[in-house]
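One gets the numbering used here by counting positions in the sequence shown from 1 and adding 676 to each. Data first, discussion second: the structure below is written as structure tokens.
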Amino acid sequence: MAAVAVVGAGVAGLAAACRLKRLGMRVVLYESGGRVGGAIQTEKRDGYLAELGPNSLASPSPAVRAILGELGLEPSLVTASPEARHRYIVRRGRPIALPTSPPELLTTRLLSNGAKLAVFGEPLVETGDRPVEESVATFVRRRFNQEILDYVANPFVAGIFAGDPEQLSVRHALPHLYDLEQTHGSLIKAMIQRGRARKSDEVGGDAASLVSFAGGLVELPEAMARQLGPAVRLNSAVTGIRRGPKGWTVGAAYQH
Ligand SMILES: Cc1cc2nc3c(=O)[nH]c(=O)nc-3n(C[C@H](O)[C@H](O)[C@H](O)COP(=O)(O)OP(=O)(O)OC[C@H]3O[C@@H](n4cnc5c(N)ncnc54)[C@H](O)[C@@H]3O)c2cc1C
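Written as structure tokens, this is what we have:
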């Protein structure tokens, strides 16, 4: 039977290892740290629960729902209150609600008149046909301007990835936005059309919900680790991967 070594017990490594195990493969998951979850870290103290990294899953797809079901996590799911959809950005020392629709983008106190002009002109910007993969920052600057990047896109991207928009690929990090440009030629036009469609959809409801678990997001990696059992090797940092005549050898150092 084929054996697969997976490096890192973050949510990606755990999900890959669970899938491989379900396919009948022999899997070993090496994790350099003393716990599973990677960036996911929930802390419980004095009756409070705090997330030190990611805090929610956005609109789990049917595929993710199926995984949650297999892991027995459905009963533990907690959906965020609709109030949590309001995001605030601090500008000039005051929290201002993040605009979520084209009319709000044009009336918000968050943006200068120059930025509002960029919103107004966005439908006239040509669709990108970039031979080189475009970053989130270049995409937003090209379609809007630097201010929209700093005060709308960057806080949003930081909230999801805690990453640098200059480094993230728009196509892979924000495929939805990338597709909107390809299909509608403009993000603002797409938002307007989507808003109209939502109004005419009486049973649409709030599909874009945020979810977590009663015991915090850490329930997800812990449930996956339980499924893997002794295949998870904690405190085992992979130090090298070598190809030999009989296959690949993974070197791991046990850390106390
Ligand atoms: C502050 C913050 C907030 C976020 N908020 C959200 C959110 O709300 N919703 C959301 O969906 N996403 C959010 N994200 C993104 C999400 O957390 C990450 O995309 C995801 O957790 C990454 O998982 P991963 O398995 O790829 O990597 P990681 O979680 O980084 O896991 C990598 C693992 O590999 C281990 N490792 C590394 N090198 C070795 C080695 N040589 N040998 C063995 N093990 C090794 C590490 O110890 C670690 O455990 C957030 C990220 C951050 C940082």
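C-beta: ideal position from N, C-alpha, C; glycine also.
query	result
Outcome for residue 813 when other beta-carbon atoms lying within 10 angstroms are tallied against a minimum of 16	buried
Exposure of residue 830, with buried meaning 16 or more beta-carbon neighbours within 10 Å	buried
Residue 821 beta carbon near ligand 1 (any heavy atom closer than 6 Å)	no
The segment 776-783 contacting the segment 909-923, beta-carbon criterion three pairs below 8 Å	no
Coarse secondary structure for residue 904, derived from DSSP in three states	helix
Stretch-stretch touch, CB-based, cutoff 8 Å, three pairs: the segment 690-703 with the segment 894-904	yes
Rounded straight-line distance, which links the Cα of residue 787 to that of residue 825	11 Å
Proximity below 7 Å, CB of residue 712 to CB of residue 685	yes
Residues near ligand 1, criterion Cβ-heavy atom distance below 6 Å	683, 684, 685, 686, 687, 688, 689, 706, 707, 708, 709, 714, 715, 716, 729, 730, 731, 732, 733, 836, 837, 838, 913 and 914
For residue 909, three-class secondary structure by DSSP	strand
Touching by the beta-carbon criterion (3+ pairs, under 8 Å), the segment 918-925 and the segment 765-774	no
Residue of 721, 710, 719 and 680 minimising C-alpha distance to residue 701	680
Distance CB(residue 743)-CB(residue 729) smaller than 7 Å	no
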